[in-house]
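K.L.:
Structure provided below as structure tokens; questions to follow.
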Amino acid sequence: MKKSLALAFLVFLSAVQFLNSYGVQRFPKPEFESGYIQPETLLPNPRAEALALMDIAVLIISLSVVSWLVIKKRSRNGVFWMSLFALAYFGFYREGCICAIGSIQNVTLAFFDHSYLISISAIVFFVTPLVYTLFFGRTFCAAVCPFGAMQDLVAFSPQKLGSRLNTVLGIIPYIYLGLAVLYAATGTDFIICRYDPFVGIWRLNASFGMYMFGGLLLVTGIFIARPYCRFLCPYGVLLNWVSRFSRKHITITPSNCIQCRLCENSCPYDAIDMPVTVKNPEDKRTMGRKLIFITFLIPFLMLAGGWTGSRLHEPLASVNAKVKLAKQILNPVTDKNQAETFEIEAFKSAGKQQAQVFAEASEVLHEFYIGGWILGGFIGLVFGGLIVGRMITKHRTDYIPNKGTCFSCVRCVDYCPVKLP
Amino acid sequence: MKNEKKTSEKTIRLLQSIAFASAMLAFVLCILISVNYFQVKSSDPLNSPVMKSLTEKYKSNPDDEQLKAEIRELDLLARKAFFTNKWQIRTGGYLLLFSVLIVIICLKSVELIMVKLPAVPDDKTDNFWNLRKINRKWVAYSGIFLVCISLLFAFLTHNKLGETLDLTAKAGSMTDSTQKNTNDNLATASSTVATDSTTQTGKDSTASIQTMDGFPTQQEINANSPAFRGPGSNGVVFQRGFPTSWNGSIGKNIKWKTAIPLPGYNSPVVWNDKIFLSGANATKREVYCFDLNTGKILWQTLVDKIPGSSATAPKVNGETGFAAPTLTADGRRVYAIFANGDLIAIDFEGKKVWAKNLGLPKNHYGHSSSLAMYRDLLIVQYDQSGNTNVMALAAKTGEQVWKTSRDVKISWSSPIIVNTGKQMEAMLVAEPFVISYNPATGKELWRINCISGEVGPSLAYADGVVFSVNDYSKLAAIKIGSPPQLLWESDEYMSDIPSPVATSKYLFLPTSYGMMICYDAKTGEKYWEKDFATPTYASPMLADGNVFQMDKKGVMHIFKTDKTYTSVNESPLGEGSVCTPAFANGKIIIRGDKNLYCIGK
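Heads up: the sequence lines are chains A and B, in that order. Basically our numbering = 1-based index in the first sequence + 7. Basically our numbering = 1-based index in the second sequence + 225.
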């Protein structure tokens, strides 16, 4: 039965890919009057489809192996070698594309733009790590994500940042996620890919600014372990949420914690929750009141955030191609020494009506207005959630990895003197 | 045991040294790659000064084989250097990656050898609950900071773009058909002078509302010839593709020719497929509309029964006549003024919309200042004896919106409307000042004392410099601003009727006795002078990179806007002409002494 299902699934995937490649050939060639000679039609490289399937297979196999190494074998060495493999395959060989982080945008765009044909690999890369995380924690971050692998490699002298800085910087990924979704939903840009700090290194091809950004992150990563994963990665936000509900998460000790405190400073990512034995000095009634106040404050924070976000819709939309073009038409180049932009040249040669451009840009602005409300509301909710989260704490007696922020790198395990026979 | 320890210490030292050396190599590579990168970025091998000068030389001497070979060699060298630099960056990148890899391997090996044993940390007892409280505060502070920054950013960048787009889109859809016709022309519009009201609509939502029902966009204006000397009355045509060769006697490139019922020295104005002009004698005044494609008179409207209009005809000079001022059009209506002060607005079907008399002009040659438009305001320069002023009337109703008194002498020049890059300005000239006004309010922006006499020629503007000229006075180049600066002046050649025209580099000054002089616009250096040997009353027009200058015999002298005089053609109309031609939709409309001509390929 399982075999049949798997076979049917593979047939379905192949059919979809076949239809995609067939779709490419639908339209006739444009006819040029300038004497341009049409290049020979090239059929889609059959290997490209096989590669996509191979990527999926490698992802699933890697996730399975890493999850087994983390949960069952508790092997740091295994995780380390797997991370090298991920860096080599997904990083240098596949040049960072496709990746789970960027797939957020593909999925979002497919959700909002039905004319966008999302590839199977994008869906699989988006869903699979989340599914594995739901069962085993963030094993994807441990040794399958090339971003994490790259940074993990250079974390030679990780320093503790302190809870304040960790908390404040930890807000950035939520904002980045919101922005990435907004820009993808409006069809404006894939900002995660545009500002991918490491893809330039893997491809040896990037703008100077992006090289600098990537280099800076790696240098920072020597002292602050995995800065991108902790303070930027938008996919990490989703993994963090899902991981909190993970069924089998790595534990520091395989048995009972003996409170030896050897693991206390073992985590370079400040992801170990210490025992909370001291009772909250505030009495229950005060805490309850505060909690109710904050809970009621959340809708207000969302509203305030939404309103603020809506005020920002124009600057946010200014990078959209349609809005950019409309602005350029409204404010044409007055300096004759300055050449016209390509956008204006293209617009003029296309013979499109200005009114149409303005109407389209206006529509995009409206989308950004709505999106600004949602983005702001989301960020307001995040702030509210973070405050509430810092009010509720379960009493615990053991040292345990924080299910949300732990990358399952298995470093802490080596520090635990309790070993399985 | 001791030996083992020693060996491992040695290994560690060796690995650390390798790591250090590799790190240094990586650092040096980083610097070299950066330097190389900036070199590649700043180099433009095919536009180097040497290459440009050689190319220029080659243009003037295309048969020089040695020069050709030299250019090819230099081109090859430049390309080689460029691609070698690129190759160096890529190779450097690989080396950098390799050296970083060595550093990582060494340091990881050191980590493996120097196993750090877990240790119990110092007994620091952070107050957990206090820490949480502080964290909550920090989250709140971050939120407040984020909101403040966002609002500040929103405030600094907000420019009502949405409203502007909505309104402009609506306005645009009303004029879609016009846009469709004009887009092609706009695609190649040469913009020596920038006059843009859409820029302003981007900043002023009230103006946008007016756009919807009251006035054309700048694109529409530039795609037509709505006033004396084209858009902005500045002598610059914003379209391309005009004929340079025709002959009225044999009909070459003459699309049509139609007799004009009444005489007049005003120039034609064109809006889409309609041409407007006026004619008058001592007793009768008329406005005509011709079909651009066929030359057929679509309608002619008699201008009469205007309240306040004088029964006696004004005294005019024979060279001015009763219909010297050129009309103006805004896509909705056409506006005309006559020597007796009659001012009329007529819709495109020939129906009178409003009319008024501004009072019989006290003017010994006859009133000749042409009308101009700014958005939905009709700008009237009315420099009459003892009563010199400029006013703006609402285009739709004729009601006076503003009127500014001018402490100048009587004049015959016309206003120009230009976008200086900062704002729209209406610039007027009359003894003794060139004065700039805000066309929306009539408020004076700046003035400069630089001219004398009975001023006939209008101003020319390009690239922040305005040029004034008058006979028995001087030619002056003024850098606009508050205060304006006199850049240079000359009293060698002057004009009493035709107006000059300018680009950012050159000023072309015609004289009524048939000379054409080209100056460096910024320094006043005279580049060349050309005697056409025929008197000239029409003003030159700048189109397709050429200057079109009509002489009184009807011969159009067409020459390049260049440092040296290069004639493109001399095309005779077969009839005398004193009017400035209009350029629109690939056609040149010329008012001859008796007939209206359409020249087209």
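Positions of the beta carbon are idealized from the N, C-alpha and C atoms, including for glycine.
State yes or no: is the beta carbon of A:K291 nearer than 9 angstroms to at least one beta carbon in chain B?
P.N.:
Indexing the first sequence from 1 puts residue 291 of chain A at position 284. So no, A:K291 is outside the interface.
K.L.:
Using three-state DSSP, classify B:K333 as helix, strand or coil.
P.N.:
Here the question's residue 333 of chain B lines up with position 108 in the second sequence. B:K333 falls in the helix class under three-state DSSP.
K.L.:
Run through the DSSP bridge pairs and tell me what B:D745 is partnered with.
P.N.:
Here residue 745 of chain B refers to the residue found at position 520 when the second sequence is read from its first residue. Note: B:D745 sits in a beta bridge opposite B:Y731.
K.L.:
Excluding the five sequence neighbours on either side, which residues of its own chain have a C-beta within less than 7 angstroms of the C-beta of B:S334, listed in chain order?
P.N.:
Working through the second sequence from its first residue, we reach residue 334 of chain B at position 109. Once the five neighbours on either side are set aside, the close Cβ partners of B:S334 are L240.
K.L.:
Identify, in the order they occur along the chain, each residue of the same chain with its Cβ nearer than 6 angstroms to the Cβ of B:S470, setting aside the five sequence neighbours on each side.
P.N.:
In the second sequence, the residue the question calls residue 470 of chain B occupies position 245. Once the five neighbours on either side are set aside, the close Cβ partners of B:S470 are N794, S796.
K.L.:
Of all the CB atoms in chain A, is at least one closer than 9 angstroms to the CB of B:R600?
P.N.:
Within the second sequence, numbered from 1, the residue matching residue 600 of chain B stands at position 375. Chain A contact via Cβ: absent.
K.L.:
Only counting the same chain, and skipping five residues up and downstream in sequence, which positions put a Cβ closer than 7 angstroms to that of B:E229?
P.N.:
As a first step, residue 229 of chain B must be located in the second sequence, where it is residue number 4. Closer than 7 angstroms at Cβ, skipping near neighbours: no residue.
K.L.:
Any idea what DSSP makes of B:W671, helix, strand or coil?
P.N.:
Within the second sequence, residue 671 of chain B is the residue found at index 446, counting from 1. Strand.
K.L.:
Would you kindly work out how many angstroms separate the C-alpha atoms of B:N810 and B:F467, rounded to a whole number?
P.N.:
Translated into positions along the second sequence, residue 810 of chain B becomes position 585. Translated into positions along the second sequence, residue 467 of chain B becomes position 242. Going from the Cα of B:N810 to the Cα of B:F467 covers about 8 angstroms.
K.L.:
B:K812 by DSSP, collapsed to three states: which one?
P.N.:
The sequence position of residue 812 of chain B within the second sequence is 587, counting from 1. Note: B:K812 maps to strand in three-state DSSP.
K.L.:
Which residues mark the beginning and the end of the alpha helix (DSSP H) in which A:G391 is found?
P.N.:
Mapped onto the first sequence, residue 391 of chain A falls at position 384. 361-396 is the extent of the alpha helix (DSSP H) around A:G391.
K.L.:
Can you have a look at B:S242 and say buried or exposed, based on whether 16 or more other CB atoms are within 10 angstroms of its CB?
P.N.:
The count along the second sequence starts at 1 and reaches residue 242 of chain B at position 17. Exposed, by the Cβ-count rule.
K.L.:
Just list the alpha helix (DSSP H) runs in the region 283-311 of chain A, keeping only unbroken ones of 4 residues or longer that don't cross its boundaries, in chain order.
P.N.:
Correct list: empty.
K.L.:
Quick check on the DSSP output: what are the complete alpha helix (DSSP H) runs of length 4 or more inside the region 452-534 of chain B, in order along the chain?
P.N.:
The region 452-534 of chain B contains no whole alpha helix (DSSP H) run of 4 or more residues.
K.L.:
Mind checking if B:H589 is an interface residue toward chain A, Cβ cutoff 9 angstroms exclusive?
P.N.:
To locate residue 589 of chain B, count along the second sequence from 1; it is residue 364. Judged by the 9 angstroms Cβ criterion, B:H589 is not in contact with chain A.
K.L.:
Whole angstroms are fine: how far does the CA of A:S214 sit from the CA of B:N771?
P.N.:
Counting from 1 along the second sequence, the entry for residue 771 of chain B is found at position 546. Counting from 1 along the first sequence, the entry for residue 214 of chain A is found at position 207. Their backbone Cα atoms lie some 43 angstroms apart in a straight line.
K.L.:
From the DSSP output, in three-state form, read off B:S715 for me.
P.N.:
By one-based count along the second sequence, residue 715 of chain B stands at place 490. Note: B:S715 maps to strand in three-state DSSP.
K.L.:
Take the Cβ of A:C416 as the centre, count every other Cβ of all protein chains shown within 10 Å, and call the residue buried at 16 or more, exposed below.
P.N.:
Within the first sequence, residue 416 of chain A is the residue found at index 409, counting from 1. Result: buried.
K.L.:
Taking C-beta pairs closer than 7 angstroms, name the residues in chain B that A:T174 reaches, listed in chain order.
P.N.:
Mapped onto the first sequence, residue 174 of chain A falls at position 167. What A:T174 touches in chain B: N360, W363, V364.
K.L.:
What's the gap between the Cα of B:T400 and the Cα of A:K334?
P.N.:
In the second sequence, counting from the first residue as 1, residue 400 of chain B sits at position 175. In the first sequence, counting from the first residue as 1, residue 334 of chain A sits at position 327. With a pLDDT of 43 at B:T400, under the threshold of 50, the modelled position of that residue is not reliable, and no figure is offered here.
K.L.:
In terms of DSSP beta bridges, what is B:S792 paired with?
P.N.:
As a working mapping, residue 792 of chain B is identified with position 567 in the second sequence. Answer is B:F784.
K.L.:
Quick check on B:T553: does DSSP put it in helix, strand or coil?
P.N.:
Start at 1 with the first residue of the second sequence, and residue 553 of chain B comes out as number 328. Correct three-state label for B:T553: strand.
K.L.:
What's the C-alpha gap between A:L124 and B:I815?
P.N.:
Here residue 124 of chain A refers to the residue found at position 117 of the first sequence. Here residue 815 of chain B refers to the residue found at position 590 of the second sequence. Distance between the alpha carbons of A:L124 and B:I815 is about 58 angstroms.
K.L.:
Which word fits A:I299, buried or exposed, when buried means at least 16 other C-beta atoms lie within 10 angstroms of its C-beta?
P.N.:
Position 292 of the first sequence, counted from the start, is the residue given in the question as residue 299 of chain A. Result: exposed.
K.L.:
Compute the Euclidean distance between the alpha carbons of A:Y100 and A:A191, then round it to the nearest angstrom.
P.N.:
Working through the first sequence from its first residue, we reach residue 100 of chain A at position 93. Working through the first sequence from its first residue, we reach residue 191 of chain A at position 184. Their Cα atoms are separated by approximately 26 angstroms.
K.L.:
Spatial neighbours of B:T508 within its chain, please: C-beta separation below 8 angstroms, excluding the five flanking residues on both sides.
P.N.:
Residue mapping note: residue 508 of chain B aligns to position 283 of the second sequence, counting from 1. Within the same chain, B:T508 has close Cβ partners A538.
K.L.:
Whose Cβ in chain B lies nearer than 7 angstroms to the Cβ of A:L393?
P.N.:
Numbered from 1 along the first sequence, position 386 holds the residue referred to as residue 393 of chain A. Simply V364.
K.L.:
Can you tell me whether B:N447 is buried or exposed, with buried defined as 16 or more other CB within 10 angstroms of its CB?
P.N.:
By 1-based counting over the second sequence, the position of residue 447 of chain B is 222. Classification for B:N447: buried.
K.L.:
For the beta strand (DSSP E) that contains B:T685, what are its first and last residues?
P.N.:
In the second sequence, the residue the question calls residue 685 of chain B occupies position 460. Residue 685 of chain B is actually Ala in this sequence, not Thr. Run containing B:A685: 685-687, per the beta strand (DSSP E) assignment.
K.L.:
Using a C-beta cutoff of 9 angstroms, does B:D745 count as contacting chain A?
P.N.:
As a first step, residue 745 of chain B is located in the second sequence; it is residue number 520 there, counting from the start. Chain A, which has no Cβ nearer than 9 angstroms to the Cβ of B:D745, makes this no.
K.L.:
Where are the beta strand (DSSP E) runs, 3 residues long or more, that stay fully inside the region 562-642 of chain B, in chain order?
P.N.:
Here the runs fully enclosed are 567-572, 577-582, 597-599, 602-609, 612-619, 625-630.
K.L.:
Could you tell me the distance, in whole angstroms, from the CA atom of B:T407 to the CA atom of B:D601?
P.N.:
Along the second sequence, read from residue 1 onward, the residue named residue 407 of chain B stands at position 182. Along the second sequence, read from residue 1 onward, the residue named residue 601 of chain B stands at position 376. Since pLDDT at B:T407 reaches only 35, below the 50 mark, its modelled position is unreliable, and the value read off the structure follows with that caveat. If I take the Cα positions, the gap works out to 21 angstroms.
K.L.:
Tell me, please, whether the region 152-166 of chain A touches the region 324-343 of chain B by the rule of three or more beta-carbon pairs shorter than 8 angstroms.
P.N.:
Output reads yes: the region 324-343 of chain B touches the region 152-166 of chain A.
K.L.:
Give every residue of the same chain whose Cβ lies closer than 6 angstroms to the Cβ of A:A232, excluding the five residues on either side of it in the sequence, and list them in chain order.
P.N.:
What you label residue 232 of chain A is simply residue 225 of the first sequence in a count that begins at 1. Hits under 6 angstroms: A162, P165, P275, Y276.
K.L.:
So, at 6 angstroms on beta carbons, what are the nonlocal neighbours of A:N113 in its own chain, with the 5 sequence-adjacent residues on each side left out?
P.N.:
Counted from its first residue, the first sequence places residue 113 of chain A at position 106. Contacts found: I125, A129.
K.L.:
Under three-state DSSP, which class holds A:I265?
P.N.:
Along the first sequence, read from residue 1 onward, the residue named residue 265 of chain A stands at position 258. Reduced to three states, the DSSP call for A:I265 is coil.
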